[in-house]
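A.B. asks: Below you will find the structure I want to go over with you.
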Amino acid sequence: MYWRLSNLYFWFFALLGGLLPYWSLYLEGQGFTYLQIATLMATIQLTKIVAPSVWGWLGDRSGQRVRLVRFGAITGSLFFAGVFLEPGFYGLLLVMLAFTFFWNAILPLYEVITLRTLGQRKDKYGKVRLWGSVGFIVAVGLVGAILEYVPIQSLPWLLLPVFAGIAISAFLVPSEQGERKPPAPKGSLKAIVTHPAVVAFFLMNFLLQVSHGAYYTFFSIHLEQHGYGKLSIGLLWSLGVIAEIGLFLVMHRLSRRFSIRQIAIGALTLTMIRWVLIAEVTDVLAVLIFAQCLHAASYGALHALSVQYIQGFFGKHHHGQGQALYSGLTFGAGGALGAWMSGFLVDGFSTSAAFWGGAAAMLVAIVITWRGLRPPPAPAIQTAG
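Sequential numbering of the sequence shown, starting at 0, is according to numbering that gives the first Met the number 0.
The following block contains the structure:
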């Protein structure tokens, strides 16, 4: 099961590796403005506000999460094919919204499948999830190398084999029994989401993703403006994910040595430093390499902490909905708002200004986390009425 679970992570994040570093460059090559690029990039996150909740609810009610993952993989791939029609800004906006609505259903459902399959061996999650990072690195390097020789307009064609890999790997995961969960205690979800520590947790992650808006939308354009080639851009993206892999491998040791609050505050502080370095010292390669290594903190540590935090707080009755809320409120709303706001900052000032905006968001997140984040409570809180 280890390889079956790891396989889909590999292909899912390989698609992200082919898409995130180069899609803004593809859109720029198609003649779109910075605000249009920001809007189109925001759709990747925007549908996470709704899609994970819809699919998470269906998964919790039916117990057929594997079938839903397969349906999302196939349907999302079919909608992405609309890119080849070159439909213009509004047409591409509709294509991206439709594609990401189904594609964004896959990961939250699959996180639940993975953790349920691991059972008591949840400490092995990092070793399964790291294959997603490997897939990202392979795709970033391969696509970046190919784009040195072919025009950026070829990018959608380069992504087709990855879509095939996602579809095939989704069908390698064994089907579930389709067991429905027992009814949750009345009012239990409300008790969880209104708990002050949970509110602080979601605010922290919301601001974290707001700060990543500039990174996911304009990092490649920022580097290109400073003279970096496409392969160099791809390698710098990969470096961040390599650091993330290293973090996943040692996260269980950090969790035993430091508290949730200490890890979160440390990671947020390093993330703030990262955005400042990217904004101001882009031309110094050694500093930029160090900044990319901090991706281990800004994504790896906080994501690994968050997945287990959700399970601890939301319990078996609401695990799927908790994962959906995490994806929707943070990656969805936070990521979309961050991408859109960074578009205004780039359009009005510069790409550096967008990264300074991300650093400011991190400063607010540090204060909120310091004051409000606490470990998951005793199981009795999870079922309070």
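For each residue, glycine too, the CB sits at the ideal point set by N, CA and C. Here the structure is a predicted model, which is why all the values come from computation and not from measurement.
1) Cα separation between alanine 295 and leucine 267?
2) For the stretch 96 to 109 and the stretch 62 to 80, state whether three or more C-beta atom pairs, one from each stretch, are separated by less than 8 Å.
3) Throw me the rounded Cβ distance for the glycine 334 and glycine 212 pair, which I believe falls under 8 Å.
4) Can you give me the Cβ contacts of isoleucine 367 inside the same chain, cut-off strictly under 8 Å, excluding the 5 residues immediately before and after it?
5) Express the C-alpha separation of glutamine 322 and valine 53 in angstroms, rounding to a whole number.
6) If you drop the 5 nearest sequence neighbours on each side, which residues of the same chain put their C-beta closer than 6 Å to that of leucine 146?
7) Would you identify the three-state DSSP class for leucine 404, choosing helix, strand or coil?
8) With a cut-off of 8 Å on the beta carbons, I'd call tryptophan 102 and phenylalanine 9 a contact; round off their distance for me.
9) Nearest to tyrosine 25 by alpha carbon, out of Gly62, Val142 and Trp56?
10) Got a sec? Which residues, its chain only, sit under 6 Å from valine 345 by beta carbon, not counting five neighbours each side?
11) Between leucine 45 and chain D, is there a C-beta pair that is closer than 8 Å?
12) At the level of alpha carbons, what is the spacing between glycine 265 and serine 132?
13) Do the stretch 289 to 305 and the stretch 269 to 279 meet, that is, are 3 or more Cβ pairs less than 8 Å apart?
14) With distances taken between CB atoms, is the gap from phenylalanine 162 to phenylalanine 12 smaller than 8 Å?
15) Please report the distance separating the alpha-carbon of glutamine 381 from that of leucine 39.
16) Specify, as a first and last residue, the run of the alpha helix (DSSP H) that arginine 64 falls within.
17) Any idea if alanine 338 is buried or exposed, counting beta-carbon neighbours within 10 angstroms, 16 or more meaning buried?
18) What distance in whole Å lies between the Cβ atoms of arginine 64 and leucine 14, which are believed to be in contact at a cut-off of 8 Å?
19) Where does leucine 19 fall in DSSP's three states?
20) Would glycine 390 pass as a contact of alanine 138 if the rule is Cβ separation under 8 Å?
21) Which residue from Ala278, Leu336, Val306 and Leu158 puts its Cα closest to that of leucine 324?
22) Assign proline 160 to one of three DSSP states: helix, strand, or coil.
23) If we call anything under 8 Å between Cβ atoms a contact, is serine 5 one with valine 149?
24) Mapping DSSP to helix, strand and coil, what is histidine 221?
25) DSSP three-state label for aspartate 346, please.
26) Suppose you measure from the CA of glutamate 243 to the CA of serine 237; what does that come to, to the nearest Å?
27) Measure the alpha-carbon distance for isoleucine 262 versus serine 231 and round it to whole angstroms.
28) Just mark serine 326 as buried or exposed, buried being the case when its beta carbon has 16 or more other beta carbons within 10 Å.
29) Quick check on DSSP: helix, strand or coil for leucine 171?
30) Where are the beta strand (DSSP E) runs, 3 residues long or more, that stay fully inside the stretch 270 to 342, in chain order?
31) Quick check on glutamine 152: buried or exposed, where buried means 16 or more other Cβ atoms within 10 Å of its Cβ?
32) Take leucine 328 as the anchor and find which of Ala196, Leu7 and Pro51 has the nearest alpha-carbon.
33) With a threshold of 8 Å on Cβ separation, who are the neighbours of isoleucine 390 within its own chain once the five nearest residues in sequence on each side are excluded?
34) Could you check whether leucine 7 and valine 172 sit closer than 8 Å to each other, using their CB atoms as the reference points?
35) Might you give, ordered along the chain, the residues of its own chain that have their beta carbon closer than 7 Å to the beta carbon of glycine 164, omitting 5 neighbours on each side?
36) Which residues in the same chain as serine 219 place their Cβ atom closer than 7 Å to its Cβ, once the five residues preceding and following it in sequence are excluded?
C.D. replies: The relevant details are as follows:
1) 11 Å
2) yes
3) 6 Å
4) Ala199, Leu202, Met203 and Leu206
5) 12 Å
6) Lys229
7) Residue 404 is absent from the model: the chain starts at 0 and stops at 384.
8) Contact flag wrong, Cβ pair sits at about 16 Å.
9) Val142
10) Tyr33, Phe217 and Ala353
11) Structure shown: chain D not included; a single protein chain is present.
12) 22 Å
13) yes
14) no
15) In this prediction, glutamine 381 has a pLDDT of 38, which is less than 50 and means its spatial position is unreliable; what the coordinates show is noted afterwards. Those two C-alpha atoms are separated by around 39 Å.
16) 64 to 79
17) buried
18) Contact flag wrong, Cβ pair sits at about 20 Å.
19) helix
20) There is no way to answer for residue 390, as the model of the chain reaches only from 0 to 384.
21) Val306
22) helix
23) no
24) helix
25) helix
26) 10 Å
27) 31 Å
28) buried
29) coil
30) none
31) exposed
32) Pro51
33) This structure gives no information on residue 390, because the portion of the chain shown stretches from 0 to 384.
34) yes
35) Trp10 and Ala13
36) Pro20, Tyr21, Ser23, Leu24 and Ile232
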